[in-house]
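Colleague: Count the sequence shown with my numbering and you get residues 21 to 424, in order.
Please find one structure pasted underneath; my questions will follow.
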Amino acid sequence: MLVFEFKAYAKPIQFAAIDDAIRTVQFIRNKCIRFWLDNPYVSKYDLSKQCAILAAEFPFANELNSMARQSAAERAWAAISRFYDNCKKKVGGLKGFPKFQKDNRSAEYKTTGWKLADDRKSITFTDKKGIGRLKMKGTRDLNFYQPDQIKRVRLVKRVDGYYVQFCIQADREEIIEPTHRTIGLDVGLNHFYTDSLGNKVENPRFYRTGEQKMKLSQRLVSRKVKGSSNRRKARVKLGRVHLKISRQRKDFAIKLATCVMASNDVVVYEDLRIKNMVKNHCLAKSINDAGWYQFRVWLEYFGKVFKRITIAVNPAYTSQECSSCGVIVKKSLSTRTHVCRCGCRLDRDHNAGINILNSGLATVGHTGSSVLDTGNAWGDLPSTVVGENLQQQGGSLSQESSSL
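Spelled out as structure tokens, the structure:
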């Protein structure tokens, strides 16, 4: 599934209609959550039936397209099913009990309620909300895809405007020559990662860089009177700072993951539990600022695009074990050099990168060796050979950036 995004241009009255549609989606989702709380044994289909009841009871809900109402009910069921799955799997800590939404910023249409122009540069929403025709500008070209390939159209509100997203049923594949290279990545805070060859990539620290500007913007918000237009403008300014940091971090992860996957046939990395690591309040801000999870998600995505192998290995003792003789050399976080009695002396992260690579190649075994020799069977192995579902290890890669 491909997601293309375009900036929407329209009149203020049309943007007000989009806001009304987004509020209606939030209303239907919260009503479905309330219905589930009152009737705990309802199913996904019962929530879908509830949409028709709400449309008949509330005129503003009836103005929204029927499939958009169904999408709102599906959002409610996604939260409910995720809570059930976490309970069955006995996930530690909070299980994610479904909550009422207060800050919804998107409305999703399926295959009806919209019509794309012949030149693919504008879209018209045909439901009773009165959104009408929206002009679109972006770098993607929709002319390569048929209208029946578009399975979702999403209206997204951000602090810098409104966007139209198209979810297209298509697979992206790129054929590139095999490099016959393998690499192990050890992510860190001093450097974003250190590979098994000793190469290091600097940590950009986007949040730390923009933190001073963020504090000034937050101070302006706190000084304004609640409910005033000046406070609303200050909140928009603060939201733009957050949005810029989010986009910088995403752009860095995409470009770096593309470079890594295009330059190597096998990439091995640690199967880190970011959710547990951020419980350390001394390092939580720096860990979240690094964006390791987002980098891993894009690594696995481009692994499928380029037909490369990505392997997640157990991070236990990768920094303590000697990459030369295998002896455990205990060291604290402040010790940045690995020194072993066998004579091995390496940078701590370089030693960890070698251990990660060796662990990954041992997992692949003879299959990995044969793949390296042929260079034609990269699609035979799954993108992630070891490790669990990504959704259990951190936040999801949302299509929406945070805004105020």
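Even glycine gets a Cβ: it sits at the ideal position worked out from N, Cα and C.
(1) By a C-beta neighbour count over all protein chains shown, 10 Å radius and 16 as the cutoff for buried, is K177 buried or exposed?
(2) I need the straight-line Cα distance from Y29 to Y183, nearest angstrom please.
(3) Just mark T214 as buried or exposed, buried being the case when its beta carbon has 16 or more other beta carbons within 10 Å.
(4) Select from L319, A336, T338 and P335 the residue whose C-alpha is nearest the C-alpha of I329.
(5) Hey, could you find the ends of the alpha helix (DSSP H) L38 is sitting in?
(6) Rounded to whole angstroms, what's the CA-CA distance from Y337 to V347? Just pull it up for me.
(7) Quick one: complete beta strand (DSSP E) runs, 3+ long, within the region 68-156?
(8) In whole angstroms, give me the CA-to-CA distance for Q90 and N284.
(9) Between D40 and the rest of its own chain, which residues show a CB-CB distance below 7 Å, the 5 nearest in sequence each way excluded?
(10) Looking at C-beta atoms only, is the number of pairs between the region 123-130 and the region 153-170 that lie closer than 8 Å three or more?
(11) Is G380 closer than 9 Å to G204 when the C-beta atoms are compared?
(12) Based on Cα-Cα distance, which residue from K246, K264 and A93 lies nearest to I73?
(13) Relative to the alpha-carbon of R228, which residue among V179, V245 and A304 has its alpha-carbon at the smallest distance?
(14) Indicate the three-state DSSP secondary structure (helix, strand or coil) for I374 in the structure shown.
(15) Could you say if the region 190-199 and the region 253-272 meet the contact criterion of at least three C-beta pairs nearer than 8 Å?
(16) Can you list, in chain order, the residues of its chain whose CB lies under 8 Å from that of A277, leaving out five sequence neighbours each side?
(17) When the Cα atoms are used, what is the spatial distance from A36 to V325?
(18) Mapping DSSP to helix, strand and coil, what is V391?
(19) Can you find a heavy atom of the ligand GDP that lies under 8 Å from the Cβ of S86?
(20) Measure from the alpha carbon of A137 to the alpha carbon of each residue in E128, G152, A127 and Q70, then state which is nearest.
(21) Considering only residues of the same chain and omitting the five flanking positions on each side of V23, which have a CB-CB separation below 8 Å?
(22) When you compare only the Cα positions, how much space is there between R239 and A96?
(23) Cβ of T132 within 9 Å of Cβ of N85?
(24) Using the DSSP secondary-structure output, state which residues sit across from Y61 in a beta bridge.
(25) On the DSSP bridge assignment, give the partners of D215 in chain order.
(26) Suppose you measure from the CA of I331 to the CA of L154; what does that come to, to the nearest Å?
(27) Mind listing, in chain order, the continuous beta strand (DSSP E) runs of no fewer than 3 residues lying wholly within the region 323-384?
(28) Going by DSSP, what residue range makes up the beta strand (DSSP E) through I170?
(29) Below 8 Å on the Cβ atoms is my guess for A81 versus A88; work out the distance and round it to an integer in Å.
(30) In angstroms, rounded to a whole number, what distance separates the CA positions of E222 and S237?
(31) What is the DSSP secondary structure of A28, counted as helix, strand or coil?
(32) If you check the beta carbons only, do P118 and I53 fall under 9 Å apart?
Modeller: Once the coordinates are examined:
(1) buried
(2) 9 Å
(3) buried
(4) L319
(5) The sequence given here has Ile at residue 38, not Leu. It spans P32 to D58 - the alpha helix (DSSP H) in which I38 sits, taken as one unbroken run.
(6) 10 Å
(7) 126-129, 134-136 and 142-145
(8) 43 Å
(9) K149
(10) no
(11) yes
(12) A93
(13) A304
(14) helix
(15) no
(16) F315, W318, L319, Y321 and F322
(17) 39 Å
(18) Residue placement at V391 is flagged as unreliable, the pLDDT there being 35, under the threshold of 50; the coordinate-derived value follows with that caveat. DSSP places V391 in helix when its eight states are reduced to three.
(19) You won't find the ligand GDP in this model; it holds no ligand whatsoever.
(20) G152
(21) Q185, F186, C187, I188 and Q419
(22) 36 Å
(23) yes
(24) Looking at the DSSP assignment, Y61 forms no beta bridge with any residue, so it has no partner.
(25) L205
(26) 43 Å
(27) 329-333, 357-359 and 365-367
(28) I170 to R178
(29) In fact, because the Cβ distance is near 10 Å, the residues do not count as touching under 8 Å.
(30) 28 Å
(31) strand
(32) yes
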